[in-house]
Amino acid sequence: MATDLDRPIGDGEAKSDPPSADAKRAASNQGLFRAVNERIRNSNREDEKDPMSLLCECGQAGCVAVITVGLDGFDEITSQPNRFMVELDHLVPEVDRLIESRDGFAIVEQRSGS
Ligand SMILES: [Zn+2]
């Protein structure tokens, strides 16, 4: 019996906000995570060749995933203001559109408010 699948969504758990609220929070959190990652990036030397360990930018509450990316990769992603890097399975379809899958993470583009 697949009882788990039959369980109704939002069955009284305090954390089960409507998806739209989660999506809005995730979208705004992405900017916060980006700010942290930029500080990490700026603390690296320009000629640093080793990949950096950065935060997953999915913006979901409780996410502690780490994404490994080189300086050039990070700069490439962040050259587009609405692009973020997330764990491959952390894409929030309501918030993000997949642009490209890379080794260990995905580049997503945040949907505009419309
Ligand atoms: Zn994440």
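When you read off a place in the sequence shown, starting at 1, and then add 1385, the result is the number in the numbering used here.
All residues carry an ideal CB built from backbone N, CA and C; glycine is no exception.
From a predicted model like this one, the values you see are computed outputs, not experimental measurements.
Distance between beta carbons of residue j and residue i, contact taken as under 8 Å
i: residue 1415; j: residue 1495; result: 6 Å
Identity of the residue in the options nearest residue i by Cα
i: residue 1422; options: 1406, 1478, 1447 and 1469; result: 1469
i: residue 1491; options: 1447, 1457, 1445 and 1441; result: 1441
i: residue 1412; options: 1489, 1429 and 1476; result: 1476
i: residue 1408; options: 1481, 1486 and 1430; result: 1481
i: residue 1439; options: 1472, 1432 and 1445; result: 1472
i: residue 1467; options: 1455, 1420 and 1452; result: 1420
i: residue 1453; options: 1497, 1487, 1406 and 1405; result: 1487
i: residue 1478; options: 1445, 1436, 1431 and 1435; result: 1445
i: residue 1410; options: 1435, 1443 and 1489; result: 1443
i: residue 1433; options: 1455, 1449, 1474 and 1463; result: 1455
Other residues of its chain near residue i: CB distance less than 6 Å, five sequence neighbours each side excluded
i: residue 1459; result: 1426
Buried or exposed (CB count within 10 angstroms, at least 16 for buried), residue i
i: residue 1447; result: exposed
i: residue 1417; result: exposed
i: residue 1483; result: exposed
Minimum Cβ-Cβ distance from residue i to chain B less than 8 Å
i: residue 1424; result: Here there is only one protein chain, and chain B is not present.
Own chain partners of residue i with C-beta closer than 8 Å, once the 5 adjacent residues on each side are dropped
i: residue 1485; result: 1491 and 1492
i: residue 1405; result: 1479
Residue i CB to nearest heavy atom of ligand 2 below 7 Å
i: residue 1472; result: For ligand 2, the structure offers nothing, since it holds only ligand 1.
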